[in-house]
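Peer 1: For the sequence shown, full-length UniProt numbering assigns the number 133 to the last residue and increments by one with no breaks.
Provided herewith is a single structure, encoded as structure tokens, for subsequent inquiry.
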Amino acid sequence: MSSLISENDLKHETDLVWLEDITRLDYVRQSLDRLPSRTGKPAYHRDGRMVGYAVLGSDAKASRASGTFRRRVFWVLPHDRDAEPDGLYASSAPAEAVDPDTLAPQSKGRKTERSEGGPPSSAMRELGITLPL
Numbered sequence: 001m002s003s004l005i006s007e008n009d010l011k012h013e014t015d016l017v018w019l020e021d022i023t024r025l026d027y028v029r030q031s032l033d034r035l036p037s038r039t040g041k042p043a044y045h046r047d048g049r050m051v052g053y054a055v056l057g058s059d060a061k062a063s064r065a066s067g068t069f070r071r072r073v074f075w076v077l078p079h080d081r082d083a084e085p086d087g088l089y090a091s092s093a094p095a096e097a098v099d100p101d102t103l104a105p106q107s108k109g110r111k112t113e114r115s116e117g118g119p120p121s122s123a124m125r126e127l128g129i130t131l132p133l
């Protein structure tokens, strides 16, 4: 979860790769996963869909115990606001969610008024979707 991710966990990140247009998402969930490589698209084994991932530099060292690397993965679930604007997260966001506009390599991001259900994203406005305030 984002609150458990420290800046030290992110010190080897060199890039964030987005698989979707994140300007259309008010929030993304993030987790720090153990992955077999520093780069490349990781396998995804959750419900929902992966929308991005972090790339690590060559200075990142694998865990001695598992041989894996700790990398961030960004994802959304089927019941998240982008798919169900009037659903559970119409005016809030899950604990591990952050506004994708606040994310960068080596920066864990944060919640914003938009991610918490404040002013809707431009995509939601274009679709005529309004959130309860």
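C-beta: ideal position from N, C-alpha, C; glycine also.
What is the C-beta distance between Arg72 and Arg34, in whole angstroms, given that I count them as a contact (C-beta under 8 Å)?
Peer 2: Stepping through the sequence shown from its first residue, residue 72 is reached at position 72. Stepping through the sequence shown from its first residue, residue 34 is reached at position 34. Going by Cβ atoms, the distance from Arg72 to Arg34 rounds to 12 Å, so no, they are not a contact pair.
Peer 1: What residue ranges within the segment 67 to 96 form continuous beta strand (DSSP E) runs of no fewer than 3 residues, ordered along the chain?
Peer 2: 69 to 76
Peer 1: With a CB to CB cut of under 7 Å and the five nearest residues on each side skipped, what residues in its chain are close to Asp9?
Peer 2: The sequence position of residue 9 within the sequence shown is 9, counting from 1. The residues are Leu32 and Arg70.
Peer 1: Output needed for Pro36: all residues of its chain with C-beta closer than 7 Å, excluding positions within five of it in sequence on either side, in chain order.
Peer 2: Taking the sequence shown and counting its residues from 1, one reaches residue 36 at position 36. Closer than 7 Å at the Cβ level, and outside the excluded window around Pro36, lie Thr68.
Peer 1: Looking only at its own chain, which residues have a Cβ that is under 8 Å from the Cβ of Thr14, when we skip the five neighbours before and after it?
Peer 2: Position 14 of the sequence shown, counted from the first residue, corresponds to residue 14. Correct list, in chain order: Val55, Leu56, Gly57 and Pro105.
Peer 1: Please report how far the alpha carbon of Val51 lies from the alpha carbon of Asp80, in whole angstroms.
Peer 2: Against the sequence shown, residue 51 aligns to sequence position 51. Against the sequence shown, residue 80 aligns to sequence position 80. Val51 and Asp80: Cα-Cα distance of roughly 13 Å.
Peer 1: Using the beta-carbon count (16 or more within 10 Å), is Val76 buried or exposed?
Peer 2: Counting from 1 along the sequence shown, the entry for residue 76 is found at position 76. Classification for Val76: buried.
Peer 1: Just to confirm the assignment, what range does the beta strand (DSSP E) spanning Ala43 have?
Peer 2: Here residue 43 refers to the residue found at position 43 when the sequence shown is read from its first residue. Looking at the DSSP string, Ala43 is not in any beta strand (DSSP E), and its letter there is neither H nor E.
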